[in-house]
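What follows is a set of notes on a single structure, which appears directly below.
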Amino acid sequence: MAGAALSGRVTWRVGTVVALHDETTTARTIAFHVPDWPGHVAGQHVDVRLTASDGYSAVRSYSIASAPNSEKHVELTVERLPDGEVSPYLTQDIAVGDRLELRGPIGGWFVWRAQQTEPIQLLAGGSGLVPLMAMIRSRGAAGNTAPFRLLYSVREPEAILYRDELKALSDHDGTLTLTFAYTRVAPKDWPRPPGRIDAVLIAHTTWPSDLSPTCYVCGPTPFVESAASLLIAAGHDPNRIRTERFGATGEPR
Amino acid sequence: MGIISRGFSGRRQSADVKLPPGQYLTTDFPVLSAGPTPHVPLDGWEFTISDGANILQRWDWTSFRELPTDTVTVDLHCVTRWSKLGTSWEGVSLDTVLAEVKTDAAYAFVHSYGDYTTNLPLKDLKNKQAWIAFRFDGKDLAAEHGGPARLLVPHLYLWKSAKWVRGITLLQQDMPGFWESLGYNNYGDPWREQRYQGE
Amino acid sequence: MSSQSDDYLDGNAAAGELSNIFAIDITAAEGQCAHCGATKHFAEAHLYTQAPGFVARCATCQHVLLRVVTVNQRVLLDMRGMTYLMFDTSRLHDSGQ
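Structure follows, in C-alpha cells:
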C-alpha cells in the first residue's frame with residue numbers, strides 16, 4: 001500500500017464495469033473494478049478516456065462517488081448532458097463487462113480525510129454533490145463523527161441524487177444535517193419558494209463562521225462563485241473554503 | 254492508442270463535402286477562449302496599425318464603420334478539429350485597412366483586447382484573404398464570438414482569426430503569438446494540416 | 453444561460469493533464485502570481501480549457517499563470533506567469549495513505 005502511494009505518477013488504468021444504477025432519469029452511477037487501483041481520498045476525481053475504433057478519443061473528468069475502500073472499487077455518478085459527447089455514452093450505452101480507461105485518483109486539495117475532526121459544511125450545486133457524497137460516505141465508513149452539514153441546491157425533487165441514502169443518513173445520524181434548496185420546482189407545501197441559495201438560507205442552515213468549519217463547495221462555476229461569495233459574506237475565512245468547479249453546463253472539462 | 258470503448262464514436266458527423274484533413278463538421282458554433290470575454294464599449298474601441306514605434310493608422314468605431322465593407326461567406330476550420338461551413342460575415346477588408354500603409358515589413362503581429370495575440374505573414378492579410386469582421390450571420394458580432402470586431406482569416410486555422418482585435422503591429426522579424434509560442438504551427442494551413450510546430 | 457465570463461473551471465481540472473509531468477499533485481501546491489503577487493493554491497486558479505490548450509489565470513488579476521499544450525507525446529508548459537509554485541514533497545500523488 002505504501003508502495004502505491006509513493007509511486008508518484010498518476011497513470012491510466014483499466015476499469016471493468018461491474019454494476020450500473022440509475023440515480024435519476026438523467027444520472028447514472030457506474031461501478032468499476034480497477035485491479036491496480038491504489039486507493040483514493042474522498043473528493044478526488046478521475047479522468048475517463050473513451051477511444052473510438054478510428055483512434056478518436058475524448059477525455060472527461062468525473063468525481064469519485066464512492067468512499068475509500070480496499071476492494072479496488074470505484075464508483076462514478078455521471079449526469080447526462082443534452083449536448084454531451086461523452087455523458088450520453090456513459091449514461092446510456094455502456095454495459096456491465098465493458099472496460100474503460102481511468103486516470104487517477106487526481107487531486108490533493110479538494111479532499112476530506114477521515115482524520116479531520118472539525119465541523120464540515122458541504123454546499124452542492126446539482127451534480128456537484130458527487131464528491132461531497134464521497135466525503136459523507138467516507139465519514140460513515142471510517143466511523144468519523146465530525147459534525148457535517150450539507151446544503152444541496154437542486155433543480156427539482158426528481159433531480160435529487162442518492163435520495164434514499166441521504167434520507168436514511170439524515171434520519172438516523174444526528175450529526176449529519178441535510179437541507180435541500182430547490183431552484184426551479186419545489187415539492188408541494190415546501191416552506192421556501194423555488195430559488196437560488198441566498199444569504200438568508202446560508203444564515204439559517206449552514207454552520208456559523210465562528211465554528212471555523214472547513215467548507216467544501218462543488219457544482220457549476222456560477223453556483224460555486226455565488227456560494228463561495230455568500231460564505232465569505234457570512235464571515236467564513238476564505239482559506240477555509242475549498243471549491244471545485246464543474247463547467248457551466250455541468251460537465252467537467 | 255487507448256483501449257477501444259465499445260460502441261463509442263463521439264459527436265463527429267460525416268460530411269459529404271470535402272473538409273481539410275482531420276476535421277469534423279459541426280453545425281453549432283463552439284466558443285473557445287483562452288480567457289475571460291473582454292467587454293469593449295464602442296465609444297472606447299479603436300483599431301490601430303503600428304510599425305512598433307509609431308502608429309501609422311488609427312480608427313475609432315465611428316471612423317471604422319465609415320469604411321466600405323464586404324459581405325462574405327466562408328468556411329471556418331478550428332485546430333481543435335471542428336469545421337463550420339458556409340458562415341456569413343460582414344467586415345472591412347484588410348486591403349482597405351492597409352491601403353494607405355507604406356511598409357516593407359513582411360510580418361503582422363495581431364493583438365486583441367485581453368491578452369491574446371497571433372502572428373502571420375503580412376501578405377496573408379492582403380488580396381481578399383482577411384477582414385475585420387463585425388457582423389456574423391446578419392447580426393452584430395456577439396462578444397463571445399469576438400465582438401465588437403474580430404480578425405477573420407479563413408484560409409488559416411481559426412486561432413489566427415483573433416477575436417476582440419485591437420491592432421496590428423508590422424514587423425520585419427516574425428514574432429510568435431499566444432499559441433504559436435507554445436507548440437502550435439507558426440503558419441497554420443488547414444489543408445496541409447499544419448496544426449503543430451514541426452509539421 | 454451563464455455569462456461568458458463564468459465559463460472557466462479551476463485548477464482541479466488541470467491536475468490530470470499535469471500529472472503527465474508533475475510527480476506531485478499540483479492542486480495543493482501554492483503559487484504566486486508573477487503579475488499581482490496573489491498567493492493561492494493552484495486549485496483556485498481560473499482554468500480555461502475550451503481552447504487549443506489549457507490556460508490557468510490568476511483568480512485575482514486574470515493574468516496567465518500557466519499554459520499547457522499536449523500534442524501527441526509532447527507536453528509544452530509555460531509557467532512564466534508564476535513567481536513560484538511550492539510543493540509539499542511528502543505528499544506526492546495522494547491515494548489516501
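Residue numbers (our numbering), protein chains in the order written: chain A, 1 to 253; chain B, 254 to 452; chain C, 453 to 549.
Here a beta-carbon is modelled for each residue, glycine too, at the ideal position from N, C-alpha and C.
It should be emphasised that the depicted structure is a prediction, and the values quoted were computed from it without experimental measurement.
The three-state reading of DSSP puts Gln-92(A) in helix, counting H, G and I together. For Leu-435(B), a Cβ of chain C is located within less than 7 Å of the residue's own Cβ.
Look at the stretch 171-247 of chain A and you find these whole runs of alpha helix (DSSP H), each 4 residues long or longer: 199-205 and 221-233. Rounded to the nearest whole angstrom, the C-alpha separation of Ile-136(A) and Gly-104(A) is 20 Å. When rounded, the separation of the alpha-carbon atoms in Ala-159(A) and His-172(A) is 23 Å. The C-alpha of Val-59(A) lies about 6 Å from the C-alpha of Leu-50(A). For Ser-209(A), no Cβ of chain C is located within less than 7 Å of the residue's own Cβ. In this structure, DSSP gives His-398(B) a helical state, which the three-state scheme calls helix. The C-alpha of Trp-412(B) lies about 22 Å from the C-alpha of Asp-323(B). In the DSSP annotation of this structure, the continuous segment of the beta strand (DSSP E) that includes Ile-308(B) starts and ends at 308-313. Note on geometry: alpha-carbon atoms of Pro-191(A) and Leu-81(A) lie some 30 Å from one another. Secondary structure note for Asp-348(B): its alpha helix (DSSP H) is the uninterrupted segment 347-350. Taken through DSSP and simplified to helix, strand or coil, Arg-60(A) comes out as strand.
Residue-level contact by beta carbon fails for Leu-373(B) and chain C, as no gap is shorter than 7 Å. Taking the beta carbon of Thr-206(A) as reference, no residue of chain C falls within 7 Å; the closest one sits roughly 21 Å away. Comparing C-alpha distances from Leu-378(B) to each of Phe-362(B), Leu-435(B), Asp-393(B) and Phe-300(B) shows the shortest one belongs to Phe-362(B).
As DSSP reads the structure, Thr-491(C) sits in a beta bridge with Gln-484(C). Among the CB atoms of chain A, one or more fall inside 7 Å of the CB of Ile-256(B). If you draw a straight line from the Cα of Val-418(B) to the Cα of Val-516(C), it comes to about 19 Å. The contact set of Gly-288(B) on chain C, defined by CB atoms closer than 8 Å, consists of Tyr-500, Val-507, Arg-509, Gln-514 and Val-516 in chain order. Rounded to whole angstroms, the Cβ separation of Ala-228(A) and Ala-199(A) is 13 Å, and the two are not in contact under 8 Å. In the three-state reduction of the DSSP assignment, Ser-414(B) falls in the coil class, being assigned neither a helical nor a strand state. Beta-carbon to beta-carbon, Asn-380(B) and Asp-348(B) are separated by about 7 Å, close enough to satisfy the 8 Å threshold. Those residues of the stretch 258-273 of chain B placed with their C-beta closer than 9 Å to a C-beta in chain A are Ser-258, Arg-259, Gly-260, Phe-261, Ser-262, Gly-263, Arg-264 and Arg-265, ordered along the chain. Interface annotation, Asn-464(C): in contact with chain A, CB-CB separation under 7 Å. For Thr-290(B), same chain residues with a beta-carbon under 7 Å away, outside a window of 5 residues either side, are Ala-396 and Glu-397 in chain order.
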